[in-house]
Amino acid sequence: MVNRVQKRPKGGATSVISEARCRGNVTSGVICFTCGVCFILSLTCTCLVTLVVLLDQTAEAASYDSDRLEAYTAMMKNLTDPGESFRLPKEVRPMHYDLFLYPDLDKGKFSGNVTILLDVLDKRRTLALHQKNLNITSVSLKSYDLAENVEINISSTSESTKNEMFVVSTENEFNPGLYNLYLEFNGSLENKIVGFYSSRYQQADNKTRLIATSKFEPTYARQAFPCFDEPSFKAKFTIQLVHPNGNCYNALSNMNVKHTVVDQPARGLTTVHFAESVPMSTYLACFIVSDFVAVTKMARGLNDREFPVSVYTTRLQPDEKKYFALDVGVKAIEYYINLYRIDYPLPKLGKRYASYQFFIH
């Protein structure tokens with residue numbers, strides 16, 4: 001319906017103004033303005049999306065750029081000052097750690113040695129790995145060969161406190177291949193709560209008991225032994241731990257005990273040999289020498305495979321706390337095994353409780 005309004009101008013004639021026409025013009029203008037704004041916004045969004053895609057492709061291409069990779073490789077290959085980089089070169093990868101640790105609880109010190117099987121992917125004269133607050137007393141490098149191990153002459157070693165690295169330099173370039181890097185070292189167990197350290201607790205008779213334990217996450221394994229302390233470097237571990245004879249002391253690690261040797265490396269000491277681990281990052285390794293006692297219960301994995309779950313505590317802990325922690329642990333691991341349909345890969349699961357920490361190994 002069109003409303004018409006009659007007005008009489010000065011000339012005396014009647015003029016009719018159409019409101020429909022005015023309203024139509026206003027509506028058309030609003031529609032045109034809205035369309036224009038939408039077009040501009042769409043164009044802007046398209047440009048932004050295109051820019052993001054191009055930047056992402058550029059970044060991805062740059063990350064795989066051969067020149068950049070060669071420059072990085074050359075920089076790390078010619079590394080003479082460990083302060084040049086905070087990251088280890090990817091051309092040297094650990095495959096296996098054969099680790100021996102002896103914590104002397106009474107003296108608050110520890111000593112050990114490690115043989116690291118390395119896969120070297122390029123020609124080089126330097127090997128860099130992590131260490132912090134360790135006194136490295138002996139180093140040797142040998143080619144790994146089933147027939148004959150040839151020793152590689154070492155010209156020098158150097159340390160970087162800033163980057164927590166230890167660099168071994170050889171007299172000549174050595175070829176790609178497998179090598180055994182052997183290091184002897186010692187360090188302190190005292191005045192810290194990370195790495196490999198000692199702690200104490202009071203018994204019911206108020207006597208002090210000493211224990212040694214590890215806390216490696218995220219980058220504290222280098223305080224216990226020289227290693228490639230970055231999560232991407234995964235390797236198998238064969239571990240030996242020494243504990244005192246008697247006084248209910250025992251040793252725990254990630255894997256099950258393979259065998260023990262009494263009065264080794266000296267009278268009054270026992271060396272515990274653990275089975276070889278699965279490939280893992282250094283921060284997952286775990287060492288404990290204590291007099292803790294355990295409560296154990298079997299958990300059920302896939303295909304009805306059973307494995308023991310244990311909770312280790314001091315003798316002062318009441319039984320209800322021990323068994324509560326044990327029951328929760330068994331139910332939790334069985335729940336997630338069934339939820340994700342992924343079996344637990346290790347032969348055992350242990351949880352160690354102290355008044356200030358809770359560890360799983």
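Those letters in the sequence shown? Residues 1 to 361, per full-length UniProt numbering, in order.
Where a beta carbon is used, it is the ideal one built from N, C-alpha and C, also for glycine.
It should be emphasised that the depicted structure is a prediction, and the values quoted were computed from it without experimental measurement.
*Same chain only: Cβ atoms within 8 Å of Glu60, ignoring 5 sequence neighbours per side*: As a position in the sequence shown, residue 60 is number 60, starting the count at 1. In this prediction, Glu60 scores a pLDDT of 41, lower than 50, which makes its location untrustworthy; the coordinate-derived value is nonetheless stated afterwards. Taken in chain order, the list of residues that qualify is empty.
*Gly350 versus Tyr312, Asn303, Arg305, Asp327, residue with shortest Cα-Cα distance*: By 1-based counting over the sequence shown, the position of residue 350 is 350. Nearest option by C-alpha distance: Tyr312.
*Could you name the residues that DSSP lists as bridge partners for Lys132?*
As a position in the sequence shown, residue 132 is number 132, starting the count at 1. Paired residues: none, contrary to the question.
*Reduced DSSP category for Lys207 - H, G, I as helix; E, B as strand; rest coil*: Here residue 207 corresponds to residue number 207 of the sequence shown, with the count starting at 1. When secondary structure is reduced to three states using DSSP, Lys207 falls in the coil class, being assigned neither helix nor strand.
*Express the C-alpha separation of Asn180 and Tyr144 in angstroms, rounding to a whole number.*
Here residue 144 is taken as the residue at index 144 of the sequence shown, counted from 1. Here residue 180 is taken as the residue at index 180 of the sequence shown, counted from 1. Taking the straight line from one Cα to the other gives about 6 Å.
*Among Ser85, Phe237, Val262, which one has its Cα closest to the Cα of Asn254?*
Locating residue 254 in the sequence shown gives position 254, where the first residue counts as 1. Among Ser85, Phe237, Val262, the Cα nearest to that of Asn254 is on Phe237.
*Residues of its chain near Ser155, where Cβ-Cβ distance is below 7 Å and the 5 sequence neighbours each way are ignored*: Within the sequence shown, the letter at position 155 stands for residue 155. The beta carbon of Ser155 sits closer than 7 Å to those of Ser169, Thr170, Glu171, all from its chain and outside the five residues before and after it, given in chain order.
*So, helix, strand or coil for Lys322, using DSSP?*
Here residue 322 refers to the residue found at position 322 when the sequence shown is read from its first residue. Lys322 falls in the helix class under three-state DSSP.
*Could you tell me if Gly112 is buried or exposed, where buried requires 16 or more neighbouring beta carbons within 10 angstroms of its beta carbon?*
In the sequence shown, counting from the first residue as 1, residue 112 sits at position 112. By the neighbour-count definition (other C-beta atoms within 10 Å, threshold 16), Gly112 is a buried residue.
_For Leu339 and Gln264, the rounded distance between their alpha carbons_ = Reading the sequence shown from its first residue, position 264 is the one you call residue 264. Reading the sequence shown from its first residue, position 339 is the one you call residue 339. The alpha-carbon of Gln264 is positioned some 45 Å away from that of Leu339.
*Just how far apart, CA to CA, sit residue 377 and Thr260?*
One cannot answer for residue 377 here, as it falls past the ends of the chain, which runs 1 to 361.
_As a quick exercise: from Val309, Tyr336, Phe185, Tyr335, pick the residue whose alpha carbon is nearest that of Tyr323._
As a position in the sequence shown, residue 323 is number 323, starting the count at 1. For the residues Val309, Tyr336, Phe185, Tyr335, the minimum Cα distance to Tyr323 belongs to Val309.
*How is the beta strand (DSSP E) around Arg200 delimited, first residue to last?*
For the purposes of this step, residue 200 is taken as residue 200 along the sequence shown, with counting starting at 1. Segment 195-202, the beta strand (DSSP E) holding Arg200.
_Whole-Å CB distance - Thr219 paired with Asp229, under 8 Å assumed_ = Locating residue 219 in the sequence shown gives position 219, counting from the first residue. Locating residue 229 in the sequence shown gives position 229, counting from the first residue. Right, their Cβ atoms sit about 6 Å apart.
*In chain order, what residues of the same chain lie with their CB nearer than 7 Å to the CB of Ala294, ignoring the 5 residues before and after it?*
On the sequence shown, residue 294 is found 294 positions in, with the first residue counted as 1. Excluding the 5 residues flanking it on each side, Ala294 has same chain C-beta neighbours closer than 7 Å at Ser310, Val311, Tyr312, in chain order.
*Can you have a look at Arg124 and say buried or exposed, based on whether 16 or more other CB atoms are within 10 angstroms of its CB?*
Position 124 of the sequence shown, counted from the start, is the residue given in the question as residue 124. When all chains shown are included, Arg124 counts as buried.
*CA-to-CA distance, Tyr249 to Lys207, given in whole angstroms*: Residue 207 sits at position 207 when you count from the first residue of the sequence shown. Residue 249 sits at position 249 when you count from the first residue of the sequence shown. If you draw a straight line from the Cα of Lys207 to the Cα of Tyr249, it comes to about 15 Å.
*Just how far apart, CA to CA, sit Pro318 and Arg200?*
Translated into positions along the sequence shown, residue 318 becomes position 318. Translated into positions along the sequence shown, residue 200 becomes position 200. Whole-angstrom Cα-Cα distance: 19 Å.
*Do you know offhand how far Thr296's Cα is from Leu88's?*
Mapped onto the sequence shown, residue 296 falls at position 296. Mapped onto the sequence shown, residue 88 falls at position 88. Each residue's alpha carbon lies about 41 Å from the other.
*By DSSP, does Asn338 sit in helix, in strand, or in coil?*
For the purposes of this step, residue 338 is taken as residue 338 along the sequence shown, with counting starting at 1. Helix, per DSSP.
_Contact between the stretch 188-199 and the stretch 95-108 (3+ Cβ pairs under 8 Å)_ = In short, these stretches touch, since the Cβ pair count reaches three.
_Three-state secondary structure assigned by DSSP to Val92_ = In the sequence shown, residue 92 corresponds to position 92, counting from 1. The DSSP-derived three-state label of Val92 is strand.
_Same chain only: Cβ atoms within 7 Å of Arg209, ignoring 5 sequence neighbours per side_ = The residue you call residue 209 lines up with position 209 of the sequence shown. Here the set comprises Arg200, Tyr201, Gln203, Asp291.
_According to DSSP, residues forming a beta bridge with Asn245_ = Counting from one through the sequence shown, the residue named residue 245 turns up at place 245. By DSSP's assignment, Asn245 forms no beta bridge with any residue.
*What number of angstroms, rounded off, separates the C-alpha of Glu164 from the C-alpha of Asp304?*
Start at 1 with the first residue of the sequence shown, and residue 164 comes out as number 164. Start at 1 with the first residue of the sequence shown, and residue 304 comes out as number 304. Rounded to the nearest angstrom, the two C-alpha atoms are 46 Å apart.
*DSSP three-state call for Arg352: helix, strand or coil?*
Position 352 of the sequence shown holds residue 352. Under the three-state reduction of DSSP, Arg352 is assigned to strand.
*asked:* Taking 7 Å as the threshold (C-beta atoms), are Val278 and Val257 in contact?
replied: Here the question's residue 257 lines up with position 257 in the sequence shown. Here the question's residue 278 lines up with position 278 in the sequence shown. Cβ atoms of Val257 and Val278: not closer than 7 Å.
*Going by DSSP, name the residue or residues bridged to Arg315.*
Taking the first residue of the sequence shown as 1, we reach residue 315 at position 315. Residue pairing by DSSP places Arg315 in no beta bridge whatsoever.
_Simplified DSSP state of Thr170, which is helix, strand or coil_ = Start at 1 with the first residue of the sequence shown, and residue 170 comes out as number 170. It is a strand residue.
*asked:* Can you tell me whether Ala224 is helix, strand or coil according to DSSP?
replied: Taking the sequence shown and counting its residues from 1, the one referred to as residue 224 is at position 224. Three-state result, Ala224: coil.
*asked:* What does the alpha-carbon distance come out to for the pair Lys90 and Ile342?
replied: Sequence index remark: in the sequence shown, residue 90 carries index 90 (1-based). Sequence index remark: in the sequence shown, residue 342 carries index 342 (1-based). Rounded to the nearest angstrom, the two C-alpha atoms are 30 Å apart.
*With a threshold of 16 other CB atoms inside 10 Å of the CB of Ser214, please say whether the residue is buried or exposed.*
Start at 1 with the first residue of the sequence shown, and residue 214 comes out as number 214. Looking at its Cβ environment, which holds 16 or more other Cβ atoms inside 10 Å, Ser214 is buried.
_If the criterion is Cβ atoms closer than 7 Å, does the pair Pro347 and Ser281 meet it?_
Translated into the one-based positions of the sequence shown, residue 347 becomes position 347. Translated into the one-based positions of the sequence shown, residue 281 becomes position 281. No, they are not a contact pair.
*Closer than 6 Å by C-beta to Ser140: which residues in its own chain qualify, once you throw out the five before and the five after it? Chain order, please.*
Within the sequence shown, numbered from 1, the residue matching residue 140 stands at position 140. In the same chain as Ser140, and ignoring 5 residues on each side of it, the C-beta atoms closer than 6 Å to its own belong to Tyr182, in chain order.
*Would a C-beta distance cut-off of 7 Å place Val167 and Ser158 closer than the cut-off?*
If you number the sequence shown from 1, residue 167 lands on position 167. If you number the sequence shown from 1, residue 158 lands on position 158. Result yes, Cβ atoms of Val167 and Ser158 sit closer than 7 Å.
*Assuming Phe196 and Phe100 form a contact by the criterion Cβ under 8 Å, report the distance between their Cβ atoms to the nearest whole angstrom.*
Reading the sequence shown from its first residue, position 196 is the one you call residue 196. Reading the sequence shown from its first residue, position 100 is the one you call residue 100. Contact flag wrong, Cβ pair sits at about 13 Å.
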